[in-house]
Amino acid sequence: MELNYLTAHELRKKLGSREVSSTDITQSVFDRIKRKDKDINSYIRTEEESALESAGKADCHIAEGGSIEDFTGIPVGIKDNICTRGITTTCASRILESYVPIYDATVIKRLKKNNFILPGKLNMDEFAMGSSNENSHFGPVKNPWDKSRVPGGSSGGPAASVAAGEAICSLGSDTGGSIRQPAALCGVIGFKPTYGMVSRYGLIAFASSLDQIGPFSRDMEDCAALLNVVCGHDPCDSTSIDAGIPDYKSFLTDDIKGLKIGVPRELMVEGIDPEVKSSVEAALKMAEDMGASVEEISIPNLEYALNVYYIIAPSEASSNLSRFDGVRYGFRDRSAKTLRKMYRLTRAQGFGEEVKRRIMIGTYCLSAGYYDAYYEKALKVRTLIIDDFNKAFSKYDVLISPTSPTTAFKLGERTEDPLTMYLSDICTIPANLAGLPAVSIPSGLSSEGLPIGLQIIGNTLREDNVIKTAYSLEKAIGFETRPKI
Amino acid sequence: MKRIRSSDVRHVAKLAELDFSDEEVEKITPQLNRILDHVARISTVDTEGIASTSHVMDINNVSREDEIREPVPQEEALKNAPEEAEDGFSVPKID
Amino acid sequence: MAENKYESVIGLETHLELSTRTKMFCGCMLSFGEEKNKYTCEVCLGHPGSLPVLNKKAVEYAAKIALALNCKINDRTVFHRKNYFYPDMPKNYQISQYDLPLGIGGHLDIDMGRYTRRVGITRVHMEEDTGKLIHLGTTGRISESESSIVDFNRAGTPLIEIVTEPDIRTPEEARVYVEALRNLLLYLDVSNCSMEEGSLRCDANVSLRLAGESTLGTKTEIKNLNSFKFLQKGLEYEIKRQKKLLDSGRSVIQQTRHYDNNSGTTKALRSKEEAHDYRYFPEPDLVPILMDAAVVENIGKSIPELPAAKSKRYQKDLGLTPYDAGFMAGGRGIASYFDKCLECHDDAKAVVNWIMGDLSALANKNRVPVDGSKVTPENLCKMLKMIDSGRISSKIAKTVFEEMFNTGSDPESIIKTKGLEQISDSGELESIVEQVIAGNPGPAGQYREGKKKAIGFLIGQVMAKTRGKANPRLVNEIMTKKLG
């Protein structure tokens, strides 16, 4: 029995019945990592020794009659932009190559309360900027379904590790689709909660008004369970929603009779892979068969979502990344004898090309003379997009679209022209701009055997509708296939 | 919208404390122009009378009590310092 | 005449460190002069992933300041990021306020003696302080150091910025403004307002224009004015310098200049002419503050009677001179002490005399605040009542007062222990007077012959015999009678 491919809820039962131990599970995951990760490169660093030590502690805890929570003794991979105290956290960047956080992110604290196991820190696009995980200082991540292809990004490591059985679940982050798009390309589930539902304290910021941490899993039950652990108010994060959280597992019902599904025509984009389109349409037919209603709608201002995003995100990022200057932590250029030279050489050498490009775009958009035309204007168009969504959600319960217009593309295919890479996020970006909850679930495989993802977007704080729809479709679609690696 | 020239790129690089060689400026300028041209499409959208959204959730008045929290010990604070002197973070000559 | 050819136009920017317990955006304790980097955390060190959370008390103090300066409180106030790189900046942006500050459109009236100047307050806003830079090398000056070190203990300290309209017209007015502002802020108990420690900092903007013109001339910014004296001197120098330039047909360059108190001059800073592009944008990690009208009203109520109003009231209701009223209203502590005294003693003038006289003298000598000595208002009042009732003379009172100052004892026990009670018993005094007359026939005789001044010697003898306790007025009466 391959423990590393079971779900957390299945493993929890086995831990409860003492059929397996946390050490068994952790060992199984590490065996897999040792065999496969040199080909996939999901992990920037693994922590086998401390993981097995934690597993031993978890086993003692269980043996002594301690409570077995949903993730007790379960290895959950962590994207390397989430601070883990005492464990190097790099954001896949040279500039943080040696950075050891002095505190734990809030989500880590919450997982630790559950006695989870940290197998290691997962690879990503540098500073979460990318859609293919080719922008990592630690080398690209390969898609477990086809190693000549990308896993998606920026949470390539979290997605690939779950797909490849190198973690039971993982946590990633999503700013413009960085959880959902790699989930789609890797055939796993990736959930971005409503903005403010998960604390950003300890998430190394990319674009503060868009970033959210979220779970990767192989099924909706694990997804809901992980949401239960990480969601909820945090006084350390001023943008954290101050309200109680529901039990997300209570929304795991497969009754969507009467559910009103809208399909925004702007997200069935031009140039969409016909197999992706037909896979999503097949799923929509299943939804109709289950009693939901499906209607095509228009959300006109979505046409500008990509433009708005590529002004707001780089602008906020250019400011968030100013702190990386070689003074208090991280890489420093040693040759410079004066301060400004030190700043410039440190940052020039410490950041990769895509990061520098975005810092430049962002700095420009905020600079004197351009702020009104770019940043301020983008914030206004953002309001229009939010208003459009409000109108849509007054009529529909959820919106469904493909997560990505294509299946996984080849490594190197989109690295020439940054703009072609940016277009990978066209379906996912709108939900970030409006702070809406959204999930990607596998809807099938292409004729090339590559996973296709379907996106479900809900209204603000309506994770219930998103989870319900996802669970129902998950059951109907029955996607069981694993990559042959 | 305005095209940016290499002189603009150098100016922005200074603001962002980034260093680019002449070849890098040559390479990045057209890339930036392509991206800026693309995003500048929003200039055609009518936003008369529309408020800007800088915070997507309607949350206000978050604050904390003026209560002391344990500081991080000095060694922890300096632990990651690339260069340290006399218990301070050392930096080269300020120009 | 060259004297009135130009009008000086001065605006002041004051930064004030608040005396909250913790920093603006994290729970680190405020400190001064401690070991470096001992009061920091991931937030005020700008570690990746850290987030700011606003200090409620800092907002309250800021609102107090804004209200005391007659500002309108914006009902929605927002934080912005001010982006620039410098080693004392943990994030290389400062969380500050831009177009929606906490308070706007206020004023502070300053008393110049012959006239009052109303100084407009453009804005009062909240921000965070930077860390401290120490330049290594022999002189500690930045231009002569090969390296510097940063201490982040101060980084994140709550800072309030108070900006005036360019309403100030002379360096003396500038000094009086800062003194009045400091006094007001001390009254509000929101900061220890020390220019020496750097919790109160002032920068000035100054330009000249031809008298009668309404457009502004080119201004320079003057920094490093870290005392009232230097503020005035620095401005005097700069105005002279600008006058010289303009008189010779040259123009003033807009620049930042540093006041050097050794030479008494201002010098242009080495940095380039480029104005900073701060790229302000709304801080996404903090949410807007809605200043509820009821909350603002409560804060307003918590503002004590302010010095200007208090001084006026003392003059009007108690008949104090402007000088005395100014002294009594000068500090919240003194005013409170004075008010407590008035609760148990009617004679305001007597209280004033003792506070401004003996109490101040002893307090200064012993380096304690006037309202912080061992002399309680109750004891002072008791002593004043003893003088009024004749139990002690004013002269003896000085001894009693000094004893109260040194020990904190009440006057009753002091006069008992030291036997200082004034002798006012006629019988007792008569026999002493008779003794003195009998024992000093010479002066007695001189008096009888018409040398009236001789009585002074005889009275002195009585005082000596009674060790100063005899009631001098009674002695005089009895002596005069007995000498015939």
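Residue numbers (my numbering), protein chains in the order written: chain A, 62 to 546; chain B, -6 to 88; chain C, 4 to 487. All C-beta atoms in this analysis are idealised placements derived from N, C-alpha and C, irrespective of residue type, glycine included.
- By the neighbour-count definition (other C-beta atoms within 10 Å, threshold 16), C121 of chain A is an exposed residue.
- Residue nearest to I169 of chain A within the set A:E125, A:T236, A:G263, A:S508 is A:G263 (criterion: CA-CA distance).
- With respect to the 8 Å criterion, I487 of chain A and A439 of chain A are not classified as neighbours on the basis of their beta carbons.
- Scanning C:E406, C:N443, C:D391, C:E452 for the CA closest to the CA of Q425 of chain C turns up C:D391.
- Only residues of its own chain outside the window of five on either side were considered, and among them L21, T23, M27, M129, P161 have a CB closer than 7 Å to the CB of A61 of chain C, listed in chain order.
- Between the segment 184 to 200 of chain A and the segment 139 to 159 of chain A, the count of C-beta pairs closer than 8 Å reaches three or more; the two stretches touch.
- Residue nearest to H294 of chain A within the set A:P544, A:T255, A:F312, A:S269 is A:T255 (criterion: CA-CA distance).
- What R34 of chain B touches in chain A, judged by beta-carbon distance under 7 Å, is Y365, N368, going in chain order.
- In the DSSP assignment, A271 of chain C falls within the unbroken beta strand (DSSP E) covering 268 to 271.
- E327 of chain A is positioned such that its CB atom lies no closer than 8 Å to that of E356 of chain A.
- Secondary structure at V259 of chain A: strand, using DSSP grouped into helix, strand and coil.
- For the set C:C344, C:R470, C:G201, C:I242, the Cα lying nearest the Cα of L213 of chain C is the one of C:I242.
- Taking 8 Å as the cut-off, the Cβ atoms of V137 of chain A and T149 of chain A do not count as close.
- Per DSSP, Q100 of chain C is not a residue of any beta strand (DSSP E), being assigned neither H nor E.
- With its beta carbon less than 8 Å from one in chain B, A397 of chain A belongs to the interface.
- Using a Cβ-Cβ cut-off of 8 Å, S14 of chain B does not count as an interface residue toward chain C, since no Cβ of chain C sits closer than that to its own.
- Chain B has a Cβ within less than 8 Å of the Cβ of D386 of chain A.
- Counting C-beta pairs with one atom in each stretch, the segment 513 to 521 of chain A and the segment 464 to 478 of chain A have three or more that are closer than 8 Å, which means they touch.
- Interface residue (Cβ-Cβ distance to chain A less than 8 Å): R178 of chain C is not classified as such.
- Under the three-state reduction of DSSP output, R(-2) of chain B falls in the coil class, being neither helix nor strand.
- F252 of chain A sits in a strand when the DSSP states are folded into three classes.
- Residues are counted here when their Cβ sits less than 7 Å from a Cβ of chain C; for the segment 38 to 51 of chain B these are S47, H48, given in chain order.
- Under the 8 Å criterion on CB atoms, V84 of chain B is classed as interfacial with respect to chain C.
- Residue ranges of uninterrupted alpha helix (DSSP H) with 4 or more members, entirely inside the segment 449 to 475 of chain C and ordered along the chain, are 457 to 468.
- In the structure shown, M421 of chain A falls within a helical segment according to DSSP collapsed to helix, strand and coil.
- Straight through space, the alpha carbons of P479 of chain A and V166 of chain C are spaced by roughly 45 Å.
- Within chain C, no C-beta atom comes less than 8 Å from the C-beta of G218 of chain A; the nearest is roughly 18 Å away.
- In the DSSP assignment, H31 of chain B falls outside any beta strand (DSSP E) and lies within the alpha helix (DSSP H) extending over 15 to 32.
- In the three-state reduction of the DSSP assignment, Y365 of chain A falls in the helix class.
- Counting along the chain, T407 of chain A sits inside the alpha helix (DSSP H) bounded by residues 400 to 411.
- At a cut-off of 8 Å, the C-beta of Y160 of chain A has a neighbouring C-beta in chain B.
- Judged by pairs of C-beta atoms under 8 Å, the segment 29 to 47 of chain C does not touch the segment 60 to 75 of chain C, as fewer than three such pairs exist.
- When CB distances to chain C are screened at a threshold of 8 Å, the residues of the segment 282 to 314 of chain A falling below it are P296, C297, D298, S299, T300, in chain order.
- The C-beta distance from R260 of chain C to T223 of chain C rounds to 5 Å, short enough to meet the 8 Å contact threshold.
- Linking K72 of chain B to G81 of chain B through their CA atoms gives a straight-line distance of about 11 Å.
- Contact with chain B is found for P287 of chain C, since one of that chain's Cβ atoms lies less than 8 Å from the residue's Cβ.
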